[in-house]
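Read the structure below first, then the notes.
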Amino acid sequence: MSKEKTSEKDPTLLEYENLIEELMKENETLKNRIVDLEEQNKLYKDIADSIEQVPESKEAKKPAKLFKRTKKKEEIKPSIEKEKVVETHAEKAKAFKAHVDKTKEAILDSQIFKDSYTPSLATHTIIEGPSRRECPVCGNVRHGSIQEIVDKTHIILDYPRMYGKKLKCGQCGQEWRVRSAE
């Protein structure tokens with residue numbers, strides 16, 4: 441009887457054993473898949489963290505907006521009073537300009553600017569030389585001994601401040617300035 445029972449249960453028992461083996465294999469593949477998915481999830485998290493860090497640095501580089509946009513409702517329309525104010529300012533500006541022109545002419549006509557004072561050097565006088573690089577006194581033409589110096593008595597421009605040049609002989613010490621053809 442026991443053999444009969446085992447033989448009767450044998451086909452179902454084999455089915456169950458096969459089912460158990462299949463489930464064990466499936467369980468093992470699922471465990472492997474879980475491990476793979478966890479690794480993939482970790483990679484995605486790392487990528488997401490790096491992406492989140494990039495915009496922070498980009499935001500730091502972006503300048504802050506200095507002006508905010510105005511909406512159409514907030515746009516300012518010129519009024520008649522403002523136009524009148526602009527006209528009065530224009531009239532005042534014309535009157536002021538005429539006053540400035542008159543005072544400018546009066547200052548130019550005054551004696552202050554008519555006399556020009558040119559300070560002279562203490563020991564040497566400035567002599568116009570026949571050649572740019574030839575000493576008018578000793579005739580030295582060696583370029584190494586003739587020096588070019590800034591002449592602060594000869595102002596070319598007030599702003600930016602620019603001065604003329606003068607030449608100094610290394611042998612005799614004579615200083616001169618060559619005038620350009622004016």
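No gaps in the numbering here: position 112 of the sequence shown is 552 in this note's numbering, and each next residue is one more.
Every residue gets a Cβ at the ideal spot worked out from N, C-alpha and C, and that includes glycine.
Counted within 10 angstroms of its Cβ, other Cβ atoms place residue i as buried (16 or more) or exposed
| i | result |
| --- | --- |
| L561 | Low per-residue confidence applies at L561: pLDDT is 48, beneath 50, and the placement is therefore not dependable, though the value from the model is reported in the following sentence. By the 10 Å Cβ count, L561 comes out exposed. |
| Q611 | exposed |
| C578 | exposed |
| L459 | exposed |
| K606 | buried |
Nearest-angstrom Cα separation, counted from residue j out to residue i
| i | j | result |
| --- | --- | --- |
| A533 | V540 | 10 Å |
| E466 | E478 | 18 Å |
| G613 | D549 | 41 Å |
| D450 | Y456 | 10 Å |
| L463 | T452 | 16 Å |
| K544 | Y599 | 20 Å |
| E615 | H583 | 15 Å |
Cutoff 8 Å; reference residue i; Cβ partners in own chain excluding five residues on either side
| i | result |
| --- | --- |
| N580 | E574, I586, C609, G610, Q611, C612 |
Beta-ladder partner(s) of residue i, from DSSP
| i | result |
| --- | --- |
| Q614 | Paired residue(s): none; Q614 is not in a bridge. |
| Y418 | The chain is shown only over 441 to 622; residue 418 falls outside these bounds and no answer can be derived. |
| C609 | I586 |
Candidates the options: closest to residue i by CA position
| i | options | result |
| --- | --- | --- |
| E588 | I596, P600, R617 | R617 |
7 Å Cβ shell around residue i - same chain, five flanking residues per side excluded
| i | result |
| --- | --- |
| Y603 | V590, D591, K592, H594, I595, I596 |
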